[in-house]
Amino acid sequence: MEINFDQSIPIYLQIIDEIKRLVATGTLQPGDKLPSQRDLAAELKVNANTVQRAYREMELLGLVETLRGQGTFVCDDHQIVESTRKEMLTNLVNDFLQSMRSLGCSEQEILKRVGDGLFEDREVKDR
Numbered sequence: 478m479e480i481n482f483d484q485s486i487p488i489y490l491q492i493i494d495e496i497k498r499l500v501a502t503g504t505l506q507p508g509d510k511l512p513s514q515r516d517l518a519a520e521l522k523v524n525a526n527t528v529q530r531a532y533r534e535m536e537l538l539g540l541v542e543t544l545r546g547q548g549t550f551v552c553d554d555h556q557i558v559e560s561t562r563k564e565m566l567t568n569l570v571n572d573f574l575q576s577m578r579s580l581g582c583s584e585q586e587i588l589k590r591v592g593d594g595l596f597e598d599r600e601v602k603d604r
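All the letters of the sequence shown, read from the start, carry residue numbers 478 to 604 under the working numbering.
Below, the structure written as structure tokens:
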């Protein structure tokens with residue numbers, strides 16, 4: 478796992494967001510084992526307490542479960558995957574819309590730019 482940390486956001490939240498992204502994209506599946514807290518802290522070069530806090534928060538969110546003596550696993554519930562993906566998509570759309578509105582874009586301009594972007598993306602892929 479590799480995270481380019483943003484200094485303005487607490488590290489434990491960025492770890493949670495990355496694990497959510499891995500779950501939402503299917504890279505991590507329900508039932509998959511996460512690295513130990515100590516291993517992930519070493520891999521990310523962060524304090525083990527930071528990873529511990531991220532794991533604890535994810536447990537409270539119902540995203541992971543820790544089995545004593547076995548490790549921490551993505552909850553074996555496919556609904557959690559879908560709800561995590563839906564939450565991330567909603568946040569992306571809301572952030573995008575807020576940015577576009579702050580630039581003074583109307584709904585029509587936002588829709589046009591999204592359509593133009595999709596068309597350009599399709600052209601690039603077809604080459």
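Note that the Cβ used here is the ideal one computed from N, Cα and C, for glycine as well.
Between residue i and residue j, what straight-line distance do the alpha-carbon atoms span, to the nearest angstrom?
i      : j      : result
Ser578 : Glu564 : Here residue 578 is Arg; the residue named in the question, Ser, does not match the sequence. Cα to Cα, Arg578 sits roughly 21 Å from Glu564.
Leu511 : Gln585 : 44 Å
Glu495 : Pro487 : 13 Å
Lys497 : Ser583 : 32 Å
Lys522 : Lys589 : 43 Å
Gly594 : Met478 : 30 Å
Ala501 : Gln575 : 23 Å
Asp603 : Glu597 : 10 Å
His555 : Asp509 : 12 Å
Leu566 : Arg530 : 25 Å
Gly592 : Thr561 : 26 Å
Which partner residues of residue i appear in the DSSP bridge assignment?
i      : result
Phe550 : Lys510 and Glu542
Measuring alpha carbon to alpha carbon, tell me which residue in the options is nearest residue i.
i      : options                           : result
Val541 : Glu597, Thr527 and Gln506         : Gln506
Gln514 : Gly581, Ile557, Met535 and Thr504 : Met535
Leu517 : Thr561, Leu538 and Tyr532         : Tyr532
Gly539 : Arg545, Ile493 and Cys552         : Cys552
Glu559 : Leu544, Leu569 and Gly503         : Gly503
Val528 : Ile557, Gly546, Ile480 and Gly581 : Ile480
Ordered along the chain, which non-local residues of its own chain (more than five positions away) have a Cβ less than 7 Å from that of residue i?
i      : result
Phe610 : In the structure as shown, the chain begins at 478 and stops at 604. Residue 610 is therefore absent and cannot be evaluated.
Asn524 : Ala518
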